[in-house]
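Engineer:
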Amino acid sequence: MSARSFLYFFDIPMADQDDDFFLQQMKGVKPIQVEAKVDLAKAALDKATAERRRKAATEELAKDKNFLSGEYIEPVDPLAVIEFKRDGVQTGVYRNLRLGKYQIDARLDLHHMTIDQARRAVFQFIQDCMTNDIRCALITHGKGEGRSLPAQLKSCLNHWLPQFDQVLAFHSAQKQHGWVGATYVLLRKSEKKKLETWEMHNKK
Numbered sequence: 061m062s063a064r065s066f067l068y069f070f071d072i073p074m075a076d077q078d079d080d081f082f083l084q085q086m087k088g089v090k091p092i093q094v095e096a097k098v099d100l101a102k103a104a105l106d107k108a109t110a111e112r113r114r115k116a117a118t119e120e121l122a123k124d125k126n127f128l129s130g131e132y133i134e135p136v137d138p139l140a141v142i143e144f145k146r147d148g149v150q151t152g153v154y155r156n157l158r159l160g161k162y163q164i165d166a167r168l169d170l171h172h173m174t175i176d177q178a179r180r181a182v183f184q185f186i187q188d189c190m191t192n193d194i195r196c197a198l199i200t201h202g203k204g205e206g207r208s209l210p211a212q213l214k215s216c217l218n219h220w221l222p223q224f225d226q227v228l229a230f231h232s233a234q235k236q237h238g239w240v241g242a243t244y245v246l247l248r249k250s251e252k253k254k255l256e257t258w259e260m261h262n263k264k
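The sequence shown begins at 61 in this note's numbering and counts up by one.
1. As a quick exercise: from I175, Y162, L217, pick the residue whose alpha carbon is nearest that of A197.
2. Which of helix, strand or coil does DSSP assign to D193?
3. Using three-state DSSP, classify F224 as helix, strand or coil.
4. Name the two residues that bound the continuous alpha helix (DSSP H) containing T151.
5. For V136, which of L246, A211, A229, L221 has the nearest alpha-carbon?
6. Around the C-beta of G238, are 16 or more other C-beta atoms found within 10 angstroms, so that it is buried, or is it exposed?
7. Around the C-beta of N262, are 16 or more other C-beta atoms found within 10 angstroms, so that it is buried, or is it exposed?
8. In the structure shown, what three-state DSSP assignment does E111 receive?
9. Check each candidate in M190, A110, R158 and name the one with the smallest Cα separation from V240.
10. Quick check on the burial criterion: 16 or more other C-beta atoms within 10 angstroms. Buried or exposed for R207?
11. Buried or exposed: where does A108 fall if 16 or more other Cβ atoms within 10 Å of its Cβ makes it buried?
12. Starting from D137, trace the beta strand (DSSP E) both ways and give me its first and last residue.
13. With 16 other CB atoms within 10 Å as the buried threshold, where does Y244 fall?
14. Leaving out five residues before and five after I164 in sequence, what residues of the same chain have Cβ atoms less than 8 Å from its Cβ?
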């Protein structure tokens, strides 16, 4: 008698007079143990799907945090000097930035990027600069001369950089650093650097 038959008959009530006969016949019979099976292919598929969804959710969240405006951007001439300085930035500090006298500690090259790629790259670059206590950075964007829409990336950068509270000032670079095809960016001190400076000046 198969295990299936055993289970089937086990669930059917029997007359009392058949109990002894049944138990005698089934003595020593053990039900077949069926091992639980895992569909590895399906499990792997579910894991891959979950990972794709997690990655998509992470990218969407990062995109939501990117506040850089994609609205109308005023075009800039390919050979124009772009510049910006927040109130409170000392004239001497801004002059040194403009003249390329500060050490460049980080660089970003936007060449061959689409507008959307550049938007994401600039946003992440500024965040990374702040995380790593970068004070002066250089962003290369090119001039875009001779194109149907010249200086697109340059125009975007000129529009985006003032949107960062962390950006104190920026100015088109000196010739050795790319001239009007690149821009110096001066960043605020991180909270860590501010604390270190305060401690240095307040040591007894």
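Glycine is no exception: its CB is placed at the ideal position from the N, C-alpha and C atoms.
Structural biologist: The answer reads as follows:
1. Y162
2. The answer is coil: DSSP assigns D193 none of H, G, I, E or B.
3. Coil.
4. For T151, the enclosing alpha helix (DSSP H) starts and ends at 151 to 158.
5. A211
6. buried
7. exposed
8. helix
9. R158
10. exposed
11. So A108 ends up on the exposed side.
12. Neither: D137 is in no beta strand (DSSP E) and is coded neither H nor E.
13. buried
14. C196, A197, L198, H237, Y244
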